[in-house]
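**Student:** Heads up: the sequence lines are chains A and B, in that order.
Here the first sequence is numbered in the working numbering, starting from 1 and rising by one per residue.
Here the second sequence is numbered in the working numbering, starting from 1 and rising by one per residue.
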Amino acid sequence: MYDFLQNNSLYLVLGISLLGWAGIFSYLVRLGARIRHLEKQDKQ
Amino acid sequence: MKAFQAILGVWLSAVIFCALMFPIVGEITRWYEFPVIPGLEQKARILFFHVPLAWTSVVGFVVSVFYAIRYLRSKQIDDDIKSSSAAGLGLLFCALTTLTGSIWAKFSWGSFWNWDPRETSIFVLLLIYGAYFALRSAVQEDDKKATLAAVYAIIAGVTMPFLMFVMPRIIESLHPDPIINTRGKVSMNSTMLVVFFSSLAGFTALYFWIYSLKLRVARLEFKRSSAGE
């Protein structure tokens, strides 16, 4: 297990970073959609 | 807007991939290789994230000062909303810079926090902008709060270049040479430079995207709180 982590640490960091970025990105997209909905509600 | 989001999504994914996957080698034979930076080796990869985060925090603080000055001239509450939103994001990115820096310090200097001049100056900056939000929450009246916050944001903005750029250069520090060093030269391999500036552009775009969202939320909050009064 230790050897696996040591040999593949860069791939693990890449995976974690990309997952983190995907999470932030999708959160921001959903937040944008929610704000748009609230703005529409406010106008009505 | 959707095209911008899609481009940014792919752009920053590509930056993450290149920053982490391009091999660091002693002698460069291919275009996608990074040279070894003595003393940094694999740890050099953090500069593709740490420096752009620091840069975006500077952008946030500069935008905050700009709108604070505008508020004092115009007394438009929207300028205060823009100023405080920018300062909030600047503080967030500054905290992330500190976090990435301390992770790097753990592996280079042996501990997460060493009170190096660079760490001390960013800590003081975090305190200054933390106090900005403490000040805002302490005053209830909107106009008074906005005026006080605008004056404070300008004073904090004046200290920012000193704490970010001047102080770490006049006091001896273990922090690696900045990208643009004291000789005014950019000392970086061309592939590294491309990835670095791509990261800088990506993080700046990300900053403005989050800023626009934060601004819209703050405007809605203000509208609703004013309607509730």
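Heads up, the beta-carbon is just placed ideally off N, CA and C, and yes, glycines get one too.
1) Is A/Val13 helix, strand or coil when you go by DSSP?
2) Do the CB positions of B/Lys43 and B/Ser108 come within less than 8 angstroms of each other?
3) Using a beta-carbon distance below 8 angstroms, is B/Ile37 in contact with chain A?
4) With DSSP collapsed to three states, give me the class of B/Ala36.
5) Curious, which full-length beta strand (DSSP E) runs of at least 3 residues does the stretch 109–152 of chain B contain?
6) Between the Cα of B/Lys144 and the Cα atoms of B/Leu72, B/Phe17 and B/Lys82, which residue gives the shortest distance?
7) Output yes or no for whether 8 angstroms exceeds the beta carbon distance between A/Leu28 and B/Leu163.
8) Whose CA, out of B/Gly228, B/Asp79, B/Phe49 and B/Trp209, lies closest to the CA of B/Leu96?
9) Evaluate B/Thr29 with the Cβ neighbour count: other Cβ atoms within 10 Å of its Cβ, from every protein chain shown; 16 or more gives buried, anything less gives exposed.
10) Determine the contact status of B/Ala150 and B/Ile128, defining contact as a CB-CB distance below 8 angstroms.
11) Using DSSP's beta-bridge definition, name the partner residues of B/Ile24.
12) Give the interface partners of A/Asp42 over in chain B, defined as CB-CB distance under 7 angstroms, in chain order.
13) Would you please state the rounded distance, in angstroms, between the beta carbons of B/Thr191 and B/Trp31? I believe it to be under 8 angstroms.
14) With distances taken between CB atoms, is the gap from B/Gly228 to B/Trp11 smaller than 8 angstroms?
15) Grab the span of the alpha helix (DSSP H) containing B/Gln76 for me, first residue to last.
**Tutor:** Well, looking at it:
1) Position 13 of the first sequence, counting from 1, holds the residue named residue 13 of chain A. DSSP places A/Val13 in helix when its eight states are reduced to three.
2) Taking the second sequence and counting its residues from 1, one reaches residue 43 of chain B at position 43. Taking the second sequence and counting its residues from 1, one reaches residue 108 of chain B at position 108. Between B/Lys43 and B/Ser108, the C-beta gap is smaller than 8 angstroms, which places the two residues in contact.
3) Taking the first residue of the second sequence as position 1, residue 37 of chain B is located at position 37. No, its Cβ sits nowhere closer than 8 angstroms to a Cβ of chain A.
4) By 1-based counting over the second sequence, the position of residue 36 of chain B is 36. Here residue 36 of chain B is Val; the residue named in the question, Ala, does not match the sequence. The answer is coil: DSSP assigns B/Val36 none of H, G, I, E or B.
5) Within the stretch 109–152 of chain B, no complete beta strand (DSSP E) run reaches 3 residues.
6) For the purposes of this step, residue 144 of chain B is taken as residue 144 along the second sequence, with counting starting at 1. Here the closest residue by C-alpha is B/Leu72.
7) For the purposes of this step, residue 28 of chain A is taken as residue 28 along the first sequence, with counting starting at 1. For the purposes of this step, residue 163 of chain B is taken as residue 163 along the second sequence, with counting starting at 1. No.
8) In the second sequence, residue 96 of chain B corresponds to position 96, counting from 1. Residue nearest to B/Leu96 within the set B/Gly228, B/Asp79, B/Phe49 and B/Trp209 is B/Phe49 (criterion: CA-CA distance).
9) To locate residue 29 of chain B, count along the second sequence from 1; it is residue 29. Around the beta carbon of B/Thr29, fewer than 16 other beta carbons lie within 10 angstroms, which makes this residue exposed.
10) Numbered from 1 along the second sequence, position 150 holds the residue referred to as residue 150 of chain B. Numbered from 1 along the second sequence, position 128 holds the residue referred to as residue 128 of chain B. Against a cut-off of 8 angstroms, the Cβ pair of B/Ile128 and B/Ala150 comes out as no contact.
11) By 1-based counting over the second sequence, the position of residue 24 of chain B is 24. By DSSP's assignment, B/Ile24 forms a beta bridge with B/Phe34.
12) Counting from 1 along the first sequence, the entry for residue 42 of chain A is found at position 42. Within chain B, the residues near A/Asp42 are Leu220 and Lys223.
13) Indexing the second sequence from 1 puts residue 191 of chain B at position 191. Indexing the second sequence from 1 puts residue 31 of chain B at position 31. Taking 8 angstroms as the upper bound for CB-CB distance, B/Thr191 and B/Trp31 are in contact here, some 6 angstroms apart.
14) Taking the first residue of the second sequence as 1, we reach residue 228 of chain B at position 228. Taking the first residue of the second sequence as 1, we reach residue 11 of chain B at position 11. In this structure, B/Trp11 does not lie closer than 8 angstroms to B/Gly228 by Cβ.
15) Here residue 76 of chain B corresponds to residue number 76 of the second sequence, with the count starting at 1. Note, B/Gln76: premise wrong, no alpha helix (DSSP H); not H, not E.
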